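**Student:**
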């Protein structure tokens, strides 16, 4: 199952949708209760804009009973990819209960808060992510965007300087 999962994720990364779909369908048929197989098929369904299938698969993952923080984050990312922010937020929050310092989960929760216009909460989660990994450039980029949305250009500029100072790329 792990080999098939890596193959599917590699194909998704290469934007080989037809092959990724075939690989994920075979993985799910071969291993119907394997978390990686279900997650991969849900991810391909999102890329295919088949949100109904991705949500059905997310419910299956939930029924299997996530065992660790990453399982909850995987569920959240399925809903996040399908644009279901309420469900994504719910599952990220549960996962953060297991691993409150997860860089990626805090980043994603921060993005959800930013979209809701709740900048104080967004910055809290961005800062928590940066506490765990000060060089995680997507978080720095998100902080810059949030400050721009708040029209706090001086603070945005300060973070741009930090971003460039660390030489992690350009701010978009």
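Numbering (our numbering), first residue to last: 486 to 657. Glycine is no exception: its CB is placed at the ideal position from the N, C-alpha and C atoms. Everything numeric in this text was worked out from a predicted model, so none of it was measured.
Looking only at C-alpha atoms, which of 550, 626, 561 sits nearest to residue 649?
**Tutor:** 626
**Student:** Are there 16 or more other CB atoms within 10 angstroms of the CB of residue 528, so buried, or fewer, so exposed?
**Tutor:** Classification for residue 528: buried.
**Student:** What separation, rounded to the nearest whole angstrom, lies between the Cα atoms of residue 610 and residue 506?
**Tutor:** 34 Å
**Student:** Answer with buried or exposed for residue 502, where buried requires no fewer than 16 other C-beta atoms within 10 angstroms of its C-beta.
**Tutor:** So residue 502 counts as exposed.
**Student:** Residues in its own chain within less than 7 Å of residue 647 by CB, not counting five upstream and five downstream?
**Tutor:** 625
**Student:** What number of angstroms, rounded off, separates the C-alpha of residue 599 from the C-alpha of residue 519?
**Tutor:** 34 Å
**Student:** Tell me the start and end of each unbroken alpha helix (DSSP H) in the region 597-639 that is at least 4 residues and wholly inside, in chain order.
**Tutor:** Every alpha helix (DSSP H) stretch that sits fully inside the region 597-639 and reaches 4 residues is listed by chain position as 604-617, 622-634.
**Student:** Give the straight-line distance between the Cα atoms of residue 580 and residue 642, rounded to the nearest whole angstrom.
**Tutor:** 32 Å
**Student:** Does the distance from the CB of residue 559 to the CB of residue 588 come in under 8 Å?
**Tutor:** no
**Student:** For residue 568, which residues in the same chain have their Cβ closer than 8 Å to its Cβ, ignoring the five residues on either side in sequence?
**Tutor:** Same-chain partners within the cutoff: 536.
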